[in-house]
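What follows is one structure encoded as structure tokens, with my remarks underneath.
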Amino acid sequence: MKNRLLCTVLLCLPVLTTQAETKVSEHTLKNGLKVLVKEDHRSPIAISQVWYKVGSSYEPGGITGISHMLEHMMFKGTDKHAAGEFSRIIAENGGEENAFTGQDYTAYFQTMEATRLAVSFELEADRMRHLHLLADELKKELQVVTEERRMRTDDNPQAKMNEQFMALAYSNSPYKHPVIGWPSDIANYTVEDLNAWYQRWYAPNNATLVVVGDVQPNAVFDLAEKYFAELQPSDIKPIKPQTEIEQLGVRKMTVKVPAKLPSVILGYKVPALKTAENENEAYALEVLAGVLDGGSGARLSTHLVRGKQIAVSAGAGYGLTSRLSNLFELEATPAEGKTVADLEAALKAEIKKLQQDLISDDELQRIKAQVLATDIYQKDSGFYQAMEIGTLETAGLGWQKANEYVPKVNQVTAEQVREVAKKYLVDDHLTIAYLEPQAINTTTEKKGAK
Amino acid sequence: MRICFFKKTTFLGLGLILLTFGQLSHAAAKIDNWQTSQGSRVYYVHTEGLPMVDIQVVFNAGSANDGQQFGLAALTAGLLDAGAGKWNADEIAQRFESVGAQFNISSSIDLATLSLRTLTEKPLFDKALETAQVILTQPTFKDADFKREKNRTLAGIKQQEESPGALASIAFYKALYANHPYAHSESGDIKTVSGFKTEDVKSFYKKYYVAANAIVVIVGDVSKEQAEQTAEKLLSGLPVGKKPEGLPDVTQPLAGAQQHIEFPSSQTHVLVGLPGSYRKDPDYFNLYVGNHILGGSGLVSKLFDEVREKRGLAYSASSSFMPLSKPGPFLISLQTRNDQTTQALQVLNQTLTDFITKGPSDAELTAAKKNITGGFALRFDTNKKLANYVAMIGFYDMPLDYLDTFEQKVEAVTVASITEAFKRRVNPQLLQTITVGKSAEKSVK
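Chains A and B, in that order, give the protein sequences. Residues 102 to 551 (our numbering) are what the first sequence spells out, left to right. Residues 38 to 482 (our numbering) are what the second sequence spells out, left to right.
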């Protein structure tokens, strides 16, 4: 019974893979702006995203978080448009808009009815080169970003632990510092800092324009020429590699924060697709993450949350598409009566199993079936498709990698998974953080009628 | 990919908007509707282009049905796929994963939802559907699974206590709804959940998971005939049963009140509101469009402008109506550095009072209408979003042309109708205010 169904899945592979193929049309303007278009005519809308090759991993000490700060300031006006006008115009055109910053990218997006693509191109082209960075606006926005940091990190035990963990795990990689920046760096940005950062990275030849939706590629290329062609390119100097030095032994830390539940994170140094000597290793690590945490039927849920019941939650993750080498992470929260030490031992036992025994055919096929299906489900969202193209392109991998993903995962063997577990999940390259909850005393006070 | 900071994550997904007149002819979606042989209503929309389908089964079995056993609805929903028919939790998960299907059960205040996303390739689809059917109709509720999931729920409740935002939300609902079934947290509290027995879950399931209390939503690349068979098969074996009785009416609080919870955080979470609007509310579009201007339109709302853009007091500041069977909350919220709480609260209250007194300007209303109607297509540009809309329409028994008439109803709203509706429905004297953080005198900046 089981075998028959597995065969069925495999027989479906070629058909479905063809259907899921990402067809991207590409055009580069003379000033270096790369335009990538993917047609999706299921709905009369278009998603437009501008991706800059800059993020927190580009930042030197003293101005960490400045990419994110600049992202906020990009809504504060240009020669042609006053602060806030950008958002008002998009809103009046029925658009959704926002922006996000990561370790390797800063991106801006609008989603609108497809005939209005010109509205977003006009505004994005304007702020790519003509941003106004004003001291008064910076002063207010600095407060906003500080509030953002308080909300996301300072008052969130898991986020706080994670920040401390990353700072310990990396020695010299810029992944050491948080995307939002260290508090004293945030407090001391100046208009000059922001302006220098803007001038250094915001140029057509350091950007990718991604459009997904109910559009024709040639019409989008014409529109891009119309609005972006006049922008001057910059002399973009390549960033220094800052390759992480080899870790020479396990690192452990305790993070004491007001919290109710303890937890533990383990992180092993691993290559990403971009940095792996052999790409197969990265895809094998991706499958390894699936073995441990590819849904409720994966090992961590099956063995630790159910089976032994020593965790109330447990997860694993790997960043395939990062620009620099990163961490293969496992994290878990112990069940009542269990300790983080119990969990650490159990997680390590799972790793050991992966190093000693081959994963079963059944597991491998299950992961492949999920990868295949998920690849199709993700096509339901134009936004996701644009994200995928933008992320791959900005990390220096190229959008073509989107089409390689399913076949490459399909080629991964049980032997390769065991091989990467042995090679990379080693104690000398491990960092562990334990969250040790500190008491929270709350009191309630009724102030009655106001 | 691991870390990304959205400038205003809070507002993603609120659905913004706008319009070309030509666009009005774009039919939102053709919703087909029928009943299964056992009387469950089915809502089906055919979409093309991807070999997949989203299926939801929605029951009137949310936390409002908990009675005094706060958290029972959530625990019951969470236990369904922990064992069913001859399969244990591992086998169930592996059955779905082996065909790449995604299965989830969640519960909220009014309802419990089983969602299945699967490929339409027959053998894959059939296996996923069979698994879902067994989960739905033959959950085993074994003691060992019950105990484990109960303990996980208790851990989750404990974890809420380390989050000032979660504590504020719990206190807010309590302040608004007093003894009404909307007052308690969906996950329940330590005391009630600790007392649950397996029998409690079994009897909740027996009472609420019945055909008369279920609707089925099918959105995807399947024919109507397939959809009919799917709905029939999915619910086969479920007793007909009956619909639960309606919920008691919600009354407004007797007086405004303010409550502070002292908490060792760097920010104070501020929540202000009262019971607001319900799904079939004749004032719904007045309140919806009005709130869009006040605090519902993300980066361009009045609250956002006053609190964040002009003063830099918070990262997020917004307001919303959450329409339920009965009036769900009207909520205004922000988070600010502890020592700025008084100022932020003052700006919040002033902005609200001004809006209730004066209403929006003509220009503001025009901009809001352009935004909502012009971005109308964005509301259901994926199967997932469309399925959620259809589930809402089905569960709350809204007209099938709800989406088709949505823009007209937005266009019909006037400055006067918004102003009157807010005066009628948002009485500033009755506002409930919750603050959670370190009080000013105790916080050292």
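C-beta: ideal position from N, C-alpha, C; glycine also.
Would you mind telling me which residues of chain A sit closer than 9 Å to residue i, beta carbon to beta carbon, in chain order?
{"i": "Met-89/B", "result": "Ala-474, Ile-477, Tyr-478, Lys-480 and Asp-481"}
{"i": "Asp-31/B", "result": "Chain B is shown from 38 up to 482; residue 31/B falls before or after that span and cannot be answered."}
{"i": "Gln-75/B", "result": "Ordered by position in chain A, no residue passes the 9 Å Cβ test against Gln-75/B, which lies about 29 Å from the chain."}
{"i": "Thr-150/B", "result": "Going along chain A, no residue has its Cβ under 9 Å from Thr-150/B, so there is no contact; the nearest lies around 17 Å."}
For residue i and residue j, what's the separation of their Cα atoms in angstroms?
{"i": "Gly-491/A", "j": "Val-311/A", "result": "7 Å"}
{"i": "Leu-269/A", "j": "Gln-348/A", "result": "11 Å"}
{"i": "Ile-27/B", "j": "Asp-481/A", "result": "The first residue shown for chain B is 38 and the last is 482, placing residue 27/B beyond what the model contains."}
{"i": "Asn-381/A", "j": "Leu-526/A", "result": "16 Å"}
{"i": "Gly-396/A", "j": "Ala-417/A", "result": "11 Å"}
{"i": "Met-89/B", "j": "Asp-342/B", "result": "42 Å"}
{"i": "Pro-201/B", "j": "Val-473/B", "result": "6 Å"}
{"i": "Asp-294/A", "j": "Ile-164/A", "result": "8 Å"}
{"i": "Ala-436/A", "j": "Ala-360/A", "result": "15 Å"}
{"i": "Tyr-209/A", "j": "Ala-200/A", "result": "4 Å"}
{"i": "Thr-545/A", "j": "Ser-338/B", "result": "32 Å"}
{"i": "Gly-420/A", "j": "Gly-156/A", "result": "16 Å"}
{"i": "Asn-306/A", "j": "Thr-155/B", "result": "41 Å"}
{"i": "Asp-528/A", "j": "Val-351/A", "result": "6 Å"}
{"i": "Ser-206/B", "j": "Ser-370/B", "result": "10 Å"}
{"i": "Ile-346/A", "j": "Arg-424/A", "result": "16 Å"}
{"i": "Ile-471/B", "j": "Tyr-81/B", "result": "42 Å"}
Using a Cβ-Cβ cut-off of 8 Å, state whether residue i counts as contacting chain B.
{"i": "Arg-400/A", "result": "no"}
{"i": "Pro-318/A", "result": "no"}
{"i": "Met-213/A", "result": "yes"}
{"i": "Gln-410/A", "result": "yes"}
{"i": "Leu-269/A", "result": "no"}
{"i": "Ala-442/A", "result": "no"}
{"i": "Pro-508/A", "result": "no"}
{"i": "Ile-146/A", "result": "yes"}
{"i": "Asn-451/A", "result": "In the sequence as displayed, the identity of residue 451/A is Glu instead of Asn. Not closer than 8 Å to any Cβ of chain B, the Cβ of Glu-451/A fails to qualify, so no."}
{"i": "Glu-197/A", "result": "yes"}
{"i": "Arg-189/A", "result": "yes"}
{"i": "Cys-113/A", "result": "The predicted position of Cys-113/A is uncertain, since its pLDDT is 36 and thus under 50; no value can be drawn from it."}
Kindly list, in the order they appear in chain B, the residues whose Cβ is closer than 7 Å to that of residue i.
{"i": "Pro-258/A", "result": "Glu-199"}
{"i": "Glu-242/A", "result": "Gly-349"}
Taking 8 Å as the CB-CB cut-off, is residue i touching chain A?
{"i": "Glu-269/B", "result": "no"}
{"i": "Asn-70/B", "result": "no"}
{"i": "Gly-225/B", "result": "no"}
{"i": "Ile-172/B", "result": "no"}
{"i": "Leu-437/B", "result": "no"}
{"i": "Ile-369/B", "result": "no"}
{"i": "Glu-346/B", "result": "yes"}
In chain A, what lies closer than 7 Å to residue i by C-beta?
{"i": "Tyr-352/B", "result": "Val-245, Glu-248, Glu-249 and Met-252"}
{"i": "Gly-86/B", "result": "Arg-143"}
{"i": "Phe-432/B", "result": "Near Phe-432/B there are no residues of chain A at all, since even the closest Cβ is about 22 Å away, more than 7 Å."}
Over what stretch of residues does the beta strand (DSSP E) that includes residue i continue unbroken?
{"i": "Glu-127/A", "result": "126 to 129"}
{"i": "Gly-314/A", "result": "308 to 314"}
{"i": "Gln-263/B", "result": "First-last for Gln-263/B: 261 to 272, but that is the alpha helix (DSSP H), not the beta strand (DSSP E)."}
{"i": "Glu-508/A", "result": "A small correction: the amino acid at residue 508/A is Pro; Glu does not occupy that position in the sequence shown. Segment 502 to 512 is the alpha helix (DSSP H) holding Pro-508/A; no beta strand (DSSP E) there."}
{"i": "Gln-93/B", "result": "89 to 96"}
{"i": "Ile-533/A", "result": "531 to 539"}
{"i": "Asn-188/B", "result": "Counting along the chain, Asn-188/B falls outside any beta strand (DSSP E), though it belongs to the alpha helix (DSSP H) covering 180 to 197."}
Starting from residue i, trace the alpha helix (DSSP H) both ways and give me its first and last residue.
{"i": "Asn-425/B", "result": "420 to 432"}
{"i": "Met-354/A", "result": "Taken as a continuous stretch (DSSP letters only), Met-354/A belongs to no alpha helix (DSSP H), being part of the beta strand (DSSP E) at 352 to 359."}
{"i": "Glu-387/A", "result": "380 to 394"}
{"i": "Gly-483/A", "result": "483 to 495"}
Given that residue i touches chain B, what residues does it touch there, using C-beta distances under 8 Å?
{"i": "Leu-362/A", "result": "Ala-192, Lys-195, Gln-196 and Glu-199"}
{"i": "Val-413/A", "result": "Asn-188, Arg-189, Ala-192 and Gly-193"}
Which residues in chain B have a C-beta closer than 9 Å to the C-beta of residue i? List them in chain order.
{"i": "Ala-383/A", "result": "Chain B residues near Ala-383/A: none, gap ~14 Å exceeds 9 Å."}
{"i": "Pro-359/A", "result": "Glu-199, Phe-300, Pro-301 and Ser-302"}
Below 8 Å on C-beta distance, what does residue i contact in chain A?
{"i": "Ile-298/B", "result": "Thr-543, Thr-544, Thr-545 and Glu-546"}
**Study point:** Within the segment 117 to 154 of chain B, ranges of the alpha helix (DSSP H) (whole runs, at least 4 residues)
**Key:** You should have 126 to 135.
**Study point:** beta strand (DSSP E) runs contained entirely in the segment 245 to 321 of chain A, provided each spans 3 or more residues
**Key:** As far as the segment 245 to 321 of chain A is concerned, its whole beta strand (DSSP E) runs of at least 3 residues are 308 to 314.
Practice item. Quick one: which unbroken alpha helix (DSSP H) runs of 4-plus residues sit fully inside the segment 399 to 459 of chain A? Chain order, please. Key: 441 to 457
Check your understanding: Which ranges does the alpha helix (DSSP H) cover as unbroken runs of at least 4 residues, wholly within the segment 204 to 288 of chain B, from first to last along the chain?
Key -> 227 to 231, 235 to 245 and 261 to 272
Practice item. Enumerate, from N- to C-terminal direction, the unbroken alpha helix (DSSP H) stretches of 4 or more residues contained entirely within the segment 306 to 381 of chain B. Key: 321 to 328
Review point. Unbroken beta strand (DSSP E) runs of length 3 or more, entirely within the segment 142 to 168 of chain A: which are they?
Key: 146 to 153, all fully within the segment 142 to 168 of chain A.
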